[in-house]
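All residue numbers for the sequence shown refer to the working numbering, where the first residue is 5 and numbers rise by one.
Worksheet: one structure, shown below.
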Amino acid sequence: MEIQLTLNGRPVTDSIEPDTLLIDFVRAHGCASVKRGCETSNCGLCTVFLDGKPVLS
Ligand code: FES
5 MEIQLTLNGR PVTDSIEPDT LLIDFVRAHG CASVKRGCET SNCGLCTVFL
55 DGKPVLS
C-alpha cells in the first residue's frame with residue numbers, strides 16, 4: 005500500500021507491505037535514532053511521536 009506522511013517535517017511517500025513496522029519504516033527513511041529494544045512493547049526504546057503523542061513504533 006502507498007502511504008504519505010510527514011517525517012520530522014519532511015514529506016515522505018512510499019509503498020509498504022501491510023506488516024511493515026513503523027520502526028523499520030522510519031529507520032529506512034533516515035531516522036536511525038529510533039532503536040529496537042525488547043520487541044515486546046515493554047521497554048519503550050522504540051518510542052516516536054505520532055501527531056504529538058508518544059507511541060511505540
Ligand atoms: S522495543 Fe521495547 S517497547 Fe519497543
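No residue lacks a Cβ here, since even glycine has one placed at the ideal position from N, Cα and C.
query: The stretch 5-13 in contact with the stretch 29-41 per 3-pair CB rule at 8 Å; result: yes
query: Residue-level contact to chain D via CB, C42, 9 Å cutoff; result: The chain inventory of the structure shown lacks chain D, comprising one protein chain alone.
query: Nearest residue (CA-CA) to T17, options Q8, L25, D28, G41; result: Q8
query: Distance cut-off 8 Å: N12 Cβ against heavy atoms of the ligand ATP; result: The ligand ATP is absent from the structure shown, which contains only the ligand FES.
query: Three-state class that DSSP yields for I20 in the structure shown; result: coil
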